[in-house]
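Novice: Questions regarding the structure given below will be posed in turn.
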Amino acid sequence: MIEVERLTKCFLLLGGRTLTAVNELSFTVRAGEVYGLLGPNGAGKTTTLRMLLGLLKPTSGQASIAGFGSSNHPDEVKRRVGLVSAGSGLYQGLTAREMLLFFADLYAVPPSAAFQELNRLSRLLGLDDFLEQRCATLSTGQRQRVNLARALIHRPPVMLLDEPTLGLDVLARQVVTEYIDHLRQEGKAVILTTHHLEEAERHCTRFGLLHKGQLVSEGTLADLQARTGCTTLMEMFLKLSKVGPALHEVNT
Amino acid sequence: MTLETNNLEGSQGFRDSPLAPRPSSLDAVGRLARLVRKELSEILRDRRTIITLVLMPLLLYPLLSIAFQQFLLASKVDPESGPAYRFGFATEVEEAVFAEMMKLGERALHAGKTREKSQVEDERVRPRIESGVFDNPDAALKDNQIDVVVRIPDAWMAWPLEQLERDVALDCEFRYLKGSPGALGALAFVEQRLAAKHSSDLEKRLRPKERRFRPALLVRVQRDPIEQPGADGFISLHALVPLILILMTITGAVYPAIDLTAGERERGTLEILVAAPVPRLGLLFAKYVTVVTVAVLTALVNLVTMWLTLTFSGLGATLLKDVGFSPLLLLQLFGLLLLFAAFFSAVLLSLTSFARSFKEAQAYLIPLMLASLGPGVIGMLPGLRVEGPLAVVPLLNIVLLARDLFQGGADPLWALVVVLSTLVYAAAAIALAARVFGAEGVLYNDQSGWADLIRRPSQPQEAATPSAALWCLALMLPAHFTLQWLGLQLRPLFDADAVFVISAAAAVVLFLGLPALSAFFGRVRWSSGFGFASPRFLASAGGLALGLSLWPWVLQLLAHLHAERGAELREHLAAFLVQAQLASPVLLAATFGIQAAVEELYFRGYLFAALRRHMPAWMTITVTALLFGFLHVVMGGAFGWERLLPSTLMGFVLGWVRWRSGSVWPCIVLHVSHNVLLNLAPRLFEMSGDEVSAGWLAAGAVGAAVGSMAVFFGKPRNE
Ligand SMILES: Nc1ncnc2c1ncn2[C@@H]1O[C@H](COP(=O)(O)OP(=O)(O)O)[C@@H](O)[C@H]1O
Ligand SMILES: [Mg+2]
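In order, the protein sequence lines correspond to chains A and B.
So the number in my numbering is just where the residue sits in the first sequence, counting from 1, plus 615.
So the number in my numbering is just where the residue sits in the second sequence, counting from 1, plus 580.
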């Protein structure tokens, strides 16, 4: 469903330096899989997802979804993807219902189908209580739920979740957890990026460990355990990326 | 939480399910309407929009009151005792007769008024009359010592007035500076009194009981406005109108423009918006409609408040008397408002699309505001009219049009040019906005992203985007006038023949250079993007036949149209013909041929291909034909208007040939042969140019019929 081939992105920084945010990245994700793209802050996870969606142009390499290249057929790709990211906002002036129907419209979902889908998602995510409330008045948890519903309103076969639990409390995180379970049951191809390793361990069927834009290791938890001799993702991560102590010792 | 699964559709998405048929163009219109509704409902719920709507009048009225004060000063109104109208006379008899008439008029007016209470004039602003006898009243007028010169040549016949024995009719001439508010107030004042006197005389005469014969004095009034020398005496209200409209529409459009573009990014909705498969142009167009709506709404609220202020302050009675608010004028005012809003909303949107935050957007807007006041002030200069190049200067053209409308009407045809060129500029600005909005650089704060705006697409494109093709057109207008100006500067350096070479070169730059650049940056395939597919021989032959036979008819049409404008045009034409007679026919033919060929490359080549991918054939033909005609009007100089009809008609023919033959070549053949013959025929066949003989017309008709048939059957085989 998702194919990423030697994807590379260089940013030109002020002062003429270039930064390779993603370096020759390749992986595939099949329908029904939840792929965990893991890495510390700045590893290039978000940049990868943006290129997948065609929002950023890759410097080289390509990404495709359902056979459509994201630079050649951006609309075909966008149509098939639902995006949830920590930074997504809501239209403050619209009610939750208007917001969801607006996005259904953007994705050209016929009104009757949009209405049905809205009811289904509203039940699924418990939006009924604040569906008629302006988004400006919603709590953080409620906003996240509206966002989760918004990403699903056009029934995309592919979901990109970029740190969906960032800044949420335990309860709201539980919603995300069940949401991801739901996505897997529906047979969607999901990419989940996070630096929360326990969370990834719970959800993902396969993992890609990303460090400084490069894929350091890839496989199921069992694969990775066999290959590295570590039992948890945390240990593996520390080992593979050869991260030393975070604070250097200073002799006094 | 209940978790339902629906694997069947879940993995497919709506797009591939039978639920979602491909959207038709009607759906697209409906969706656009819904997009607009969403933007509008969001923006109108915003407290800040409402504040602008209300705050605007508060900001504006101090400014307006300053304008009024200017105005009052100019018309020497003392708010305590009302305005003073100053009349000048050449002789004392005239002064005396005039004073007497005014006295009687005043009395008649008051007699009438006590009966019709509703018309009572506001006592506070009751004007005074001042008058004087001058050796040279016209000089006094120009020195602004008086408002009006009154000339009553036969005044002695009515003096003294009480001893009148028979009816007397006097001619009375009012001479004043055109547009002077004081004079217009004074004239209205005088005419009102004269009318009262006349009607009361008439009434008395008709009264059945009246036995005594009362001789009546009849005054025929004639206004004689004279052009102002320098016009620095006063700022007329008319010149302020465009400035006020500019302020109103800008203020109304600024907030929504920022909110709908930079605001999206600031609130974090920009990414999810551009992650949806909607064309940016559609998104931006919906935003544009919204901004225009709010701008017009704001301006309307303001106009109404302004009107109310004027009416209730009593100023309106003096100020607006000479403006005369007819329904037509109100309609024109509204049209102007729309035009300003259409222009500013597009420009604002394209600017704010670059911004990544409210603050940044506001920083971009300050220069725009300052820049817009320029044309507003230039528009006050006397002597500028909406004509020729000025009709396509952005913003200034609207300002001048506004002024002309209020000073006794504008030429409707030039007004059309103003409207069309403004729409072209607005379309170009929206296209730019659509390109910038949500581009990498704006979306992710990234420096390298800017290069994206001019980066060529990675894949070759079949045809240009309509916005790229329209941008060419928008650039052609200023480029044309710049080149024309350069040509005029260089003219003394060259002989007469060089003029033709220069004009051909200019045409190549405009119609070939600009589209070629655009095609390069858009990585447009030359063959498909310009319609270079090879046509069938029959189609080319048909094009040639049409090109050889349409000219007598066009010549006849031109002669007919020229006749309507008469001598003025004949002079221009004669000058041109003399030049053309002198030049060698080969050079002339080459010039006209090249001009025709490159025009085809753009209109039936680049533009046609770009539009055809987005609209049905008939619409493409119509749009290209209208733009073709429009361009000839603007670039045609003195012959402009005469070319609208012939050029547009030719545009339809050429568009049809392009569509039918699937290639630009037959159009080039047609246009080149047509242009060469049209310009050389009068000389080659020794025609007068005033009348085309029936023989030529008949031959032309036959040839055209044959040519059309050939093109009709020359449709490419594979279609
Ligand atoms: N628009 C940009 N311009 C310049 N550098 C960027 C831009 N976006 C991301 N980067 C850099 O690319 C690297 C990867 O960023 P990102 O993909 O956001 O990491 P992650 O999501 O894994 O935390 C970082 O070093 C970041 O500073
Ligand atoms: Mg990130």
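Even for Gly, the Cβ is constructed at its ideal location relative to N, Cα and C.
Only a predicted model underlies this, so the values are computations on that prediction, with no experimental measurement involved.
Name the chain B residues whose beta carbon is nearer than 7 Å to that of Gly704/A?
Specialist: The answer, in chain order, is Arg847, Gly848, Thr849.
Novice: Any chance the CB of Asn762/A is under 7 Å from a heavy atom of ligand 1?
Specialist: Flag unset: Cβ of Asn762/A not near ligand 1.
Novice: Within a Cβ cutoff of 6 Å, which residues of the same chain sit near Val1252/B, ignoring the five residues on either side of it in sequence?
Specialist: Excluding sequence neighbours, Val1252/B sits near Gly1173, Ala1176, Ala1177.
Novice: Could you check where the alpha helix (DSSP H) with Arg735/A kicks off and where it finishes?
Specialist: Element bounds for Arg735/A: 726-740.
Novice: Is any heavy atom of ligand 1 found at a distance shorter than 7 Å from the C-beta of Tyr650/A?
Specialist: Checking the Cβ of Tyr650/A against ligand 1 gives no.
Novice: List, in order along the chain, the chain B residues whose C-beta lies closer than 8 Å to that of Leu708/A?
Specialist: It should be pointed out that residue 708/A corresponds to Gly in this sequence rather than to Leu. Per Cβ cutoff of 8 Å: Ser621, Glu622, Ile623, Arg625, Asp626.
Novice: At what residue ranges does the segment 1055-1133 of chain B contain a whole run of the beta strand (DSSP E), taking only runs of 3 or more?
Specialist: With a minimum length of 3 residues, no continuous beta strand (DSSP E) run stays inside the segment 1055-1133 of chain B.
Novice: Compute the Euclidean distance between the alpha carbons of Ala1013/B and Tyr1024/B, then round it to the nearest angstrom.
Specialist: Whole-angstrom Cα-Cα distance: 17 Å.
Novice: Going straight from the alpha carbon of Leu1124/B to that of Pro1246/B, what length do you get?
Specialist: Their backbone Cα atoms lie some 7 Å apart in a straight line.
Novice: Could you check the C-alpha separation between Thr633/A and Arg936/B for me, to the nearest Å?
Specialist: Going from the Cα of Thr633/A to the Cα of Arg936/B covers about 22 Å.
Novice: Look at the alpha carbon of Leu1130/B and the alpha carbon of Ala1284/B, and state the distance between them as a whole number of angstroms.
Specialist: Roughly 6 Å separates the two Cα atoms.
Novice: Answer yes or no: does any C-beta atom of chain B fall closer than 8 Å to that of Arg621/A?
Specialist: Cβ-Cβ to chain B under 8 Å: no for Arg621/A.
Novice: Report all residues for which the CB-ligand distance to some heavy atom of ligand 1 is below 5 Å; order them along the chain.
Specialist: Counting every residue whose Cβ lies closer than 5 Å to a heavy atom of ligand 1, we get Phe626/A, Ala636/A, Asn656/A, Gly657/A, Ala658/A, Gly659/A, Lys660/A, Thr661/A, Thr662/A, Tyr1024/B, Asp1026/B.
Novice: Interface residues of chain B around Lys603/A at Cβ under 9 Å?
Specialist: Any answer about residue 603/A is impossible in this case: the structure gives chain A only from 616 up to 867.
Novice: For the alpha helix (DSSP H) that Gly762/B lies in, which residues bound it at each end?
Specialist: Per DSSP, Gly762/B belongs to the alpha helix (DSSP H) from 761-786.
Novice: Let me know the secondary structure DSSP gives Ser1241/B once reduced to three states.
Specialist: Of the three classes helix, strand and coil, the one that applies to Ser1241/B here is helix, per DSSP.
Novice: Report the CB separation of Ala1054/B from Val998/B in whole angstroms; it is logged as a contact under 8 Å.
Specialist: Not really, about 15 Å apart at Cβ, beyond 8 Å.
Novice: Could you tell me the distance, in whole angstroms, from the CA atom of Pro659/B to the CA atom of Asn724/B?
Specialist: Note that Pro659/B scores a pLDDT of 48, beneath 50, so its modelled location is shaky; the value from the coordinates is reported in the next line. In a straight line, the C-alpha of Pro659/B is about 20 Å away from that of Asn724/B.
Novice: Would you say Ser686/A faces chain B, with C-beta separation under 8 Å as the test?
Specialist: It does; some Cβ of chain B falls within 8 Å.
Novice: Between Asp777/A and ligand 2, is there a pair consisting of the residue's CB and a ligand heavy atom that are separated by less than 7 Å?
Specialist: Yes.
Novice: Within 8 Å (strictly less), CB to CB, does Asp784/A reach chain B?
Specialist: No, because no Cβ of chain B sits closer than 8 Å to the Cβ of Asp784/A.
Novice: Just to confirm my understanding: we take His797/A, look at its own chain, exclude 5 residues before and 5 after, and list those with CB closer than 8 Å. What are they?
Specialist: Taken in chain order, the residues that qualify are Leu739.
Novice: Whose C-beta lies closer than 8 Å to the C-beta of Leu853/A among residues of the same chain, with five residues either side of it excluded?
Specialist: The answer is none, since no qualifying residue turns up.
Novice: What residue range is occupied by the uninterrupted alpha helix (DSSP H) comprising Pro717/B?
Specialist: Where Pro717/B is concerned, the enclosing alpha helix (DSSP H) stretches over 717-722.
Novice: Please work out which residues of its chain come closer than 6 Å, Cβ to Cβ, to Phe714/B, disregarding the five sequence neighbours upstream and downstream, and give them in chain order.
Specialist: For Phe714/B, where only same-chain residues beyond five positions count, the Cβ hits under 6 Å are Gly668, Ala720.
Novice: Does the contact criterion of 3 or more C-beta pairs under 8 Å hold for the segment 1223-1238 of chain B versus the segment 1068-1077 of chain B?
Specialist: Taking 8 Å as the limit for Cβ pairs, the verdict is that the segment 1068-1077 of chain B does not touch the segment 1223-1238 of chain B.
Novice: For the alpha helix (DSSP H) that contains Gln576/A, what are its first and last residues?
Specialist: Outside the modelled stretch of chain A, which goes from 616 to 867, sits residue 576/A, for which no answer is possible.
Novice: State yes or no: is the beta carbon of Pro1226/B nearer than 8 Å to at least one beta carbon in chain A?
Specialist: With 8 Å as the cut-off, Pro1226/B does not count as an interface residue toward chain A.
Novice: Beta carbons nearer than 7 Å to chain A: which residues of the segment 1093-1114 of chain B have them?
Specialist: So nothing in the stretch comes that close.
Novice: Should the segment 724-743 of chain B be called in touch with the segment 751-761 of chain B, which here means at least 3 C-beta pairs below 8 Å?
Specialist: These segments touch.
Novice: Could you tell me the alpha carbon to alpha carbon distance between Gly1280/B and Ser1288/B, rounded to whole angstroms?
Specialist: Approximately 12 Å between the Cα atoms of the pair.
Novice: By alpha-carbon positions, which one of Ala921/B, Gly862/B, Pro717/B ends up nearest to Thr878/B?
Specialist: That would be Ala921/B, whose Cα lies nearest to the Cα of Thr878/B.
Novice: Can you have a look at His826/A and say buried or exposed, based on whether 16 or more other CB atoms are within 10 angstroms of its CB?
Specialist: Its Cβ being crowded by 16 or more others within 10 Å, His826/A is buried.
Novice: Please name the residues in the segment 1039-1060 of chain B whose beta-carbon is closer than 8 Å to at least one beta-carbon of chain A, in chain order.
Specialist: Of all residues in the segment 1039-1060 of chain B, Gln1039 have a Cβ within less than 8 Å of some Cβ in chain A.
Novice: Within the chosen definition, does the segment 667-676 of chain A reach the segment 751-765 of chain A through at least 3 CB pairs nearer than 8 Å?
Specialist: Touching, no.
Novice: Any beta carbon from chain A within less than 8 Å of Val1213/B's own beta carbon?
Specialist: Output row for Val1213/B: interface = no.
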